[in-house]
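Here is the structure we will look at.
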Amino acid sequence: MASWADLMVEGRTVRLPLRTVPALAAFLRRHLGWLAVHPAADDAATDIDTVLQRALAVARPHEALMAATASVGS
0 MASWADLMVE GRTVRLPLRT VPALAAFLRR HLGWLAVHPA ADDAATDIDT VLQRALAVAR
60 PHEALMAATA SVGS
């Protein structure tokens, strides 16, 4: 998330957020329109989704295990 925030401030008059998950998430959300039209938008979406899935796996390990088991059985 920090690398995407760094990209967003390059050449713009936007200040970097604190390097905390809540601050970075809020920053990315505020500047989502800019990121959505950037050439690397697909990569950003993939990276952010990966972070989200990993966080959910930590926060809800039982649900993550159930989802992984279901996808293997499909």
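If you count the sequence shown from 1, position 38 lands on 37 in numbering that gives the first Met the number 0, and the numbers rise without skipping.
Idealized CB from N, CA, C, for every residue including glycine.
In whole angstroms, what separates the C-alpha of Asp46 from that of Gly10? Looking at the two C-alpha atoms, the distance is approximately 22 Å.
For my contact list, Leu27 and Trp3 are in at a C-beta cut-off of 8 Å; report their separation, rounded to the angstrom. 6 Å
Check whether Leu34 and Met7 have beta carbons under 8 Å apart: In contact: Leu34 and Met7 (Cβ atoms closer than 8 Å).
Which residue comes first and which comes last in the alpha helix (DSSP H) that contains Arg59? Taken as a continuous stretch (DSSP letters only), Arg59 belongs to no alpha helix (DSSP H), as it is neither H nor E.
Nearest-angstrom Cα separation, counted from Ala24 out to Ala43: 13 Å
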